[in-house]
Each structure stands twice: as C-alpha cells, then as structure tokens.
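See below for the structure under consideration.
Residue numbers (this note's numbering): 6 to 213.
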C-alpha cells in the first residue's frame, strides 16, 4: 500500500511539506501526519476528480505537538484516473498539493480479459460436440442400409463420396441441416435399395 508523509511545522510555524509530489496507487493511500511543532489543525481536501474515485472518513484532523496521526484515503474498486489532494494547515494559511494517480489492480485486469475467452471456448466446445454426435448418428444409420458389396460399383462409390462431401460441409455450417439432409438421403436410399433387392429376387426366381 503506497504511503504519503506530511510534515507539519518542521520548517516553521504553520508550514506544511510532503515527502512526495505525486503518488501512484491501486487500492488506497496511507497518509501520515507528523507534527514537529505546536498543536495543529489539518484539513485534507480532495478535488472533484479524486472525490469520484475515493473518500477520506475523517478529513479534519487535530495533531498534538510531537505526535502523529494516520489517515487512509480509500479508493473504490473501479477507480482509475488522476486527482489532487490538498493539505491545508492554520485554517487555510498554508497549503500543499499532491497528485494522486490511480490505476486498477493487475489481477482485476487479468480477470476481465480472461472472461470472454473462457466463454468463447465453452461455446466452441459445445458446438463441436453437437457436430460430432450428429456425424456419429448419421454414420450409424447409413451403415445399416448400405450394401457394402454394391460400393464396389464406381457409380455408387462416386455418388456416395459426393454425398459425404456435401454432408461434411453441412455439418460445419449447420449440423441440423446436415441431419435433415441425411434423413432425406436415408429414406431415398432405403427406397432404392428395396427396389434393387426386389429386382435381384425377381432375377433369381427367373433363373431358377
């Protein structure tokens, strides 16, 4: 946690100095008020930009002679930007300003960047799973009705290869369209095979 030290009355009556002219912070800033002289009233004022990013619970402090007080400037989780802290003593007689640069914590940035990637990965995996299941189901159904002996026919083989290419393209573009196409082809195949088998049986009967 970054800190800021304010020296009161060190260089004379009602003088105010700081050990930094600017502070880089992520969550909060510890402000230490050291009094080197007479008892002093201190007021910590945030400009509008800094007030939008954080708050000080007790901006008015009384520091006895030779003692010190610690005050915390609390920043919000979404704080990002710059603002100015003004320290005044002696009821406004002397003042000193410090720039506060606020940056979001690194772990917050990593978390926000990782979220969409994880969501996209889950969506892609789900789509791939659906396509794989559709392809497996179509293969099983086609395997039940395809006569492997007839695949040796070049015409049948060429037609089958062309259909498989179209089916694979549909699986990539639209799995549901691919399933519908496969069902249609399955019905046509069953009809054609039934006709061919009936024709084969007829030829066998004539030969007998």
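We put the CB at the ideal spot given by N, CA and C, even for glycine.
(message) Any contact between the region 11-26 and the region 39-46? By contact I mean 3 or more CB pairs, one from each, below 8 Å.
(response) yes
(request) Name the two residues that bound the continuous beta strand (DSSP E) containing residue 30. (result) 27-30
(message) If you follow the beta strand (DSSP E) that residue 35 is in, where does it begin and where does it stop?
(response) 33-40
(message) Going by DSSP, what residue range makes up the beta strand (DSSP E) through residue 18?
(response) Secondary structure note for residue 18: it is in no beta strand (DSSP E), with a DSSP letter that is neither H nor E.
(request) Take the Cβ of residue 27 as the centre, count every other Cβ of all protein chains shown within 10 Å, and call the residue buried at 16 or more, exposed below. (result) Under this definition residue 27 is an exposed residue.
(request) Please determine, among 169, 108, 70, 188, the residue with the shortest C-alpha to C-alpha distance to residue 59. (result) 108
(request) Count the other CB atoms, across all protein chains shown, that sit within 10 Å of the CB of residue 51; report buried if there are 16 or more and exposed otherwise. (result) Buried: at least 16 other Cβ atoms inside 10 Å.
(message) For the region 16-23 against the region 86-94, do three or more pairs of beta-carbon atoms, one drawn from each stretch, fall closer than 8 Å, so that the two count as touching?
(response) yes
(message) On the DSSP letters alone, give me the boundaries of the alpha helix (DSSP H) that residue 179 sits inside.
(response) No alpha helix (DSSP H) contains residue 179, which DSSP labels as neither H nor E.
(message) According to DSSP, is residue 108 part of a helix, a strand, or is it coil?
(response) coil
(request) Hey, could you find the ends of the alpha helix (DSSP H) residue 56 is sitting in? (result) 53-56
(message) Just to confirm, is the Cβ distance from residue 88 to residue 104 under 9 Å?
(response) yes
(request) Could you tell me the boundaries of the beta strand (DSSP E) in which residue 62 lies? (result) Neither: residue 62 is in no beta strand (DSSP E) and is coded neither H nor E.
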